[in-house]
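Single-structure report; data block below.
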Amino acid sequence: QKKSSRLSAASFGEDCEISCDQLYELLKYAALGKCHNATQPSWCRIYHQSHLAGVVVIVLHEMSQLHFYKFYLQFRHLRKVFQHRFTLTPSTNFLASLYGEGANLKPQNTAQGLTSTSSDCTPKSSDLCCDPIIQKYGEKKRGLTSYTLTLEEQKKNDYPIKGSPGCKGYIYTECDQQRTDSSPLFGLDCEMCLTAKGNEVTRVSLVDAQGQCLLNELVKPESPVVNYRTRFSGITKKMLLPVKTRLSDIQTRLKKMLPHDAVLVGHSLNADLQALEMIHPSVIDTSLLFARNEGRRFKLKFLAKAVLGKEIQCEQKLGHDPTEDARAALELAQFFIEQGPAKVAELNLEMLLTTEKLAEVPQNKTALQPQGCRGQKQLNEPSHSSKPCFLDCLQVTGQKPLLLGRQGLDSSGLCQSNLSASNKQILQRALEDVPLSTFSIIQFSLGPEYIASHLLAGLCEKVVRGKLTDMLTIYAGPFEESVCLKSVKKEFGRCGPIQSLTVVTETYQPYVCIQYEVLEAAQLAVESLNGAEVAGSWIKVQRPVTAAMLDCDVLIKELELDVENEGVIYVAGLKKSLTETDLQEEFSQLKDLETVFLPKDLQSGKHRNCCFLKFQKPESAVEALEVINGWTMKGSRLRSRNALASGHLWRWIWQMNHSNGKQGRNILYEKMEQLSGSASQDLRKKVKKLDHHIKKLYRSLQNNTLCVVLFPGVN
């Protein structure tokens, strides 16, 4: 049964902020996997990456997390489908971190105003048939036995052959068992020094199919060393002085280590076997596997970089590392077998080699630059990027990234808009092109009237902050003139942490205005204390009544249904001395409890008197609500309800509270709300359409596709 790919990320509670580099990590591993030297992201985990059908990144230009919460109700699909949400920390050039700085993206289909970019370095299908790899192996994938050298090929390329006159005294590995496509692969590499006898082995490395080193041994040559060739071999006189191991010892060990159906892999492996004075019947030679015209061969260092994205044989190191070379040759063979000749041919290695040679030309010399290769810089232009462009990384490994939208990049890496395309046109192209690409970036835009509207962005921020402040605020009263505010604060404090409490003096009888730190506390106060007796008075509890708050009940209901809050409940009334460990013990009897999150002040580190409980199943959360309400824990009576802001929104509200201080509503906010009203109405319609486009695109994706939606903001 085919395994399902899965993303596991901590987007609950405080772990809701990532950097551009962390996003880069996620996308790189999702797109390339272990076979291209990509590693699991440090902050999350992708299970069964090899089963991923593709990666789709949707960029909503000019929009930020402010817009997501401002138009939360309009983003109906996004909030019900996308489970993980993170704040992306500010970057000097956010888009450049994804596309690569100075990327020269060539627009296609300009008559329609669309920019669709894929690898221009990749040869057209009509050119593939002329590729020496396709001419040798065809286009279809095959098993490993199709790539082992025939006896004729071994003779032609000077491999030691059993019974050959020149191989007298050579040791035969006796690996005579029939090879199958499941036979084990082993990477082999040797380093040689020049002796009076000729080239003699001085170091041997063997790695298994997982890249684990099985043998890495220095060998004492039989004859005196004439030239250690330290620059290449890494061997020095001092290294060989204490060595006792002889060639015969290595021959015996290799013969014992190799199973009877072993296939040896190496780069120009004939030289290694000749130096080892050993005969092995089944070999894959990567210098011949990655075929070139006219008998030429690619160097191992170039193939490792171009195909695997690995730097080997670095000049900073003293000589070659045979284990590193053996592993590189093995991984190259594995890549060829897994991807097939057609994918390898699409890498266009000849073009990449030409480009690499041109890049090595000194800056003060002029050279012709090959045309049509995406992402090439002029030779006299300094590189600004500290790491390779993400799209270039994909192209080097043979993938065809798709960049679609009306946003292109100019030479500085900044966005350029092609305003003649509509989001609808972009969607139609995406529905056609995304299934053909393993990595796609689809860009939607609000339109030219919003691109430069920093004023609107400022208004939007004030409106969102004002609305959240209102949702965190409740008014309670009337109370007696002699009301004890300490008693009032204690009762309302049982609903959750209080940001501020003030007395309203403009009314005939005293009222209090309470601003909470979390949405759940304000909602719990409205639900549990409205009509209750507090400090000797029967009181009414309500939120501020403004135009922006008229849809508050709808918003609260939708927040409860948000996929981020699924299976999560809020519990208040805890003693502040309790730790997460204490709570784990206290709540251990609750069925399917997965995580306990105890909020704390992100500056002081002090715990709050509330927590969030996350359950493996939503129905278990419902059962827990019934149990916890009215429960007494260490002398304190608990109150609970469904979570409203347990993840990303929780942290965002905290930051808003502490950046705004204790500001409440004011006349300026009221005026701004009215001023932005007409613009917001138009924007609501656009956002609703955008959400519908994303829904349509999302539903067209194959199963096991990683989908990321980015809100980069206007600045």
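Just so you know, we're using the working numbering here: the sequence shown kicks off at 358 and counts up by one. Virtual Cβ for every residue (Gly too), placed ideally from N, Cα, C. All of these numbers come straight from a predicted model, not from anything done at the bench.
* Can you tell me the Cα-Cα spacing of LYS613 and PRO638, whole angstroms? -> As a working note, residue 613 is residue 256 in the sequence shown. As a working note, residue 638 is residue 281 in the sequence shown. Cα-Cα distance, rounded: 16 Å.
* Taking only the alpha-carbon atoms, compute the straight-line gap between VAL622 and TYR504 and give it to the nearest angstrom. => Residue 622 sits at position 265 when you count from the first residue of the sequence shown. Residue 504 sits at position 147 when you count from the first residue of the sequence shown. VAL622 and TYR504: Cα-Cα distance of roughly 11 Å.
* Going by the CB atoms, is the gap between VAL845 and VAL891 shorter than 8 Å? -> As a working mapping, residue 891 is identified with position 534 in the sequence shown. As a working mapping, residue 845 is identified with position 488 in the sequence shown. Against a cut-off of 8 Å, the Cβ pair of VAL845 and VAL891 comes out as a contact.
* Asked: Taking buried to mean at least 16 other C-beta atoms within 10 Å of its own C-beta, is SER644 buried or exposed?
  -> Here residue 644 refers to the residue found at position 287 when the sequence shown is read from its first residue. Flag for SER644 reads buried.
* Asked: Sorted by chain position, which residues of the same chain lie with C-beta nearer than 6 Å to LYS824's C-beta, five sequence neighbours on each side aside?
  -> In the sequence shown, residue 824 corresponds to position 467, counting from 1. Only ALA905 meet the Cβ criterion.
* Asked: Do SER1003 and VAL1066 have their C-beta atoms within less than 8 Å of each other?
  -> One-based indexing of the sequence shown puts residue 1003 at position 646. One-based indexing of the sequence shown puts residue 1066 at position 709. No.
* Between the stretch 520 to 527 and the stretch 548 to 558, do three or more beta carbon pairs fall short of 8 Å? -> no
* To do: Output yes or no for whether 8 Å exceeds the beta carbon distance between VAL664 and ILE641.
  => For the purposes of this step, residue 664 is identified with residue 307 of the sequence shown, where counting begins at 1. For the purposes of this step, residue 641 is identified with residue 284 of the sequence shown, where counting begins at 1. Not closer than 8 Å, so no.
* Would you kindly check if the distance between the Cβ of PHE432 and the Cβ of PHE443 is under 8 Å? => By 1-based counting over the sequence shown, the position of residue 443 is 86. By 1-based counting over the sequence shown, the position of residue 432 is 75. In this structure, PHE432 does not lie closer than 8 Å to PHE443 by Cβ.
* In whole angstroms, what is the alpha-carbon distance linking LEU611 and THR530? -> Your numbering for residue 611 matches position 254 in the sequence shown. Your numbering for residue 530 matches position 173 in the sequence shown. Cα-Cα distance, rounded: 8 Å.
* Range of the contiguous alpha helix (DSSP H) that encloses ILE913 -> Here residue 913 refers to the residue found at position 556 of the sequence shown. Counting along the chain, the alpha helix (DSSP H) containing ILE913 begins and ends at 909 to 918.
* Asked: If we count the other Cβ atoms within 10 Å of its Cβ and call it buried at 16 or more, is GLN872 buried or exposed?
  -> For the purposes of this step, residue 872 is taken as residue 515 along the sequence shown, with counting starting at 1. Classification of GLN872: buried, given that the 10 Å Cβ count is 16 or more.
* Asked: In whole angstroms, what is the alpha-carbon distance linking GLU703 and SER802?
  -> On the sequence shown, residue 703 is found 346 positions in, with the first residue counted as 1. On the sequence shown, residue 802 is found 445 positions in, with the first residue counted as 1. Answer to the nearest angstrom: the Cα atoms are 33 Å apart.
* To do: Inspect the CB distances between the stretch 790 to 801 and the stretch 824 to 840 and report whether three or more fall short of 8 Å.
  => no
* To do: Determine the extent of the beta strand (DSSP E) in which SER421 is found, giving its start and end residues.
  => Taking the sequence shown and counting its residues from 1, the one referred to as residue 421 is at position 64. Counting along the chain, SER421 falls outside any beta strand (DSSP E), and DSSP gives it neither H nor E.
* **Limits of the unbroken beta strand (DSSP E) element including GLN866** => To locate residue 866, count along the sequence shown from 1; it is residue 509. Premise fails: GLN866 is in no beta strand (DSSP E) and is neither H nor E.
* Asked: Should THR446 and GLU374 be called a contact, given that it needs their Cβ atoms to be closer than 8 Å?
  -> Counting from 1 along the sequence shown, the entry for residue 446 is found at position 89. Counting from 1 along the sequence shown, the entry for residue 374 is found at position 17. Yes; because the gap between Cβ atoms is below 8 Å, this pair is in contact.
* Smallest Cα separation from THR587: which of LEU383, CYS550 and GLU668? -> Taking the first residue of the sequence shown as 1, we reach residue 587 at position 230. With distances taken between Cα atoms, THR587 lies closest to CYS550.
* To do: Report all residues from its chain with a CB closer than 8 Å to the CB of ALA468; omit the five preceding and five following residues, and keep chain order.
  => As a working note, residue 468 is residue 111 in the sequence shown. Low local confidence applies: a pLDDT of 28 at ALA468 is under 50, so the model's placement there is unreliable, with the coordinate-based value given in what follows. Result list for ALA468: empty, nothing under 8 Å.
* If you count every other CB in all the chains shown that lies within 10 Å of the CB of ARG363, and 16 or more means buried, which is it? -> As a working note, residue 363 is residue 6 in the sequence shown. Label assigned to ARG363: exposed.
* Own chain residues within Cβ distance below 7 Å of GLU951, not counting five before or after -> Within the sequence shown, the letter at position 594 stands for residue 951. The residues are LYS971, PHE972 and GLN973.
* **For ARG363, three-class secondary structure by DSSP** => The residue you call residue 363 lines up with position 6 of the sequence shown. Strand at ARG363.
* To do: Evaluate SER605 with the Cβ neighbour count: other Cβ atoms within 10 Å of its Cβ, from every protein chain shown; 16 or more gives buried, anything less gives exposed.
  => Here residue 605 is taken as the residue at index 248 of the sequence shown, counted from 1. Exposed, because fewer than 16 other Cβ atoms sit within 10 Å of the Cβ of SER605.
* Asked: In the DSSP assignment, what residue or residues form a beta bridge with LEU563?
  -> Reading the sequence shown from its first residue, position 206 is the one you call residue 563. According to DSSP, LEU563 bridges with LEU545 and LEU572.
* Through-space distance from GLU943 to GLY893, alpha-carbon basis -> Residue numbering aside, residue 893 sits at position 536 when the sequence shown is read from its first letter. Residue numbering aside, residue 943 sits at position 586 when the sequence shown is read from its first letter. Roughly 33 Å between the two C-alpha positions.
* For VAL920 versus PHE428, is the C-beta spacing smaller than 8 Å? -> The residue given as residue 920 occupies position 563 in the sequence shown. The residue given as residue 428 occupies position 71 in the sequence shown. No, Cβ-Cβ distance for VAL920 and PHE428 is not below 8 Å.
* Does the stretch 850 to 862 touch the stretch 1038 to 1057, meaning 3 or more C-beta pairs lie closer than 8 Å? -> no
* What is the residue span of the alpha helix (DSSP H) that GLN670 lies within? -> Working through the sequence shown from its first residue, we reach residue 670 at position 313. No alpha helix (DSSP H) holds GLN670; DSSP gives it neither H nor E.
* Where CYS524 sits in the DSSP three-state scheme -> Locating residue 524 in the sequence shown gives position 167, counting from the first residue. The DSSP-derived three-state label of CYS524 is helix.
* To do: Going by DSSP, name the residue or residues bridged to ASP642.
  => Within the sequence shown, the letter at position 285 stands for residue 642. Beta-bridge pairing links ASP642 to GLY623.
* Nearest neighbour of SER997, chosen from GLY1070, GLY853, ALA889 and LEU940 [CA to CA] -> By one-based count along the sequence shown, residue 997 stands at place 640. Minimum Cα distance to SER997 is reached at GLY853.
* Asked: What residue range is occupied by the uninterrupted beta strand (DSSP E) comprising ILE592?
  -> By one-based count along the sequence shown, residue 592 stands at place 235. Looking at the DSSP string, ILE592 is not in any beta strand (DSSP E), and its letter there is neither H nor E.
* Keeping to the same chain, check which residues put their C-beta closer than 6 Å to that of LEU417; ignore five residues upstream and five downstream. => Numbered from its first residue, the sequence shown carries residue 417 at position 60. PHE801 and PHE1068, listed in sequence order.
* Asked: How long is the line joining the alpha carbons of LYS932 and TRP895, rounded to whole angstroms?
  -> Mapped onto the sequence shown, residue 932 falls at position 575. Mapped onto the sequence shown, residue 895 falls at position 538. Approximately 27 Å, taken between the alpha carbons.
* Check the DSSP bridge columns for VAL928 and list the partner residues they point to. => Within the sequence shown, the letter at position 571 stands for residue 928. Its beta-bridge partners are CYS968 and SER997.
* Asked: Taking contact to mean at least 3 C-beta pairs separated by less than 8 Å, is the stretch 877 to 886 in contact with the stretch 396 to 405?
  -> no
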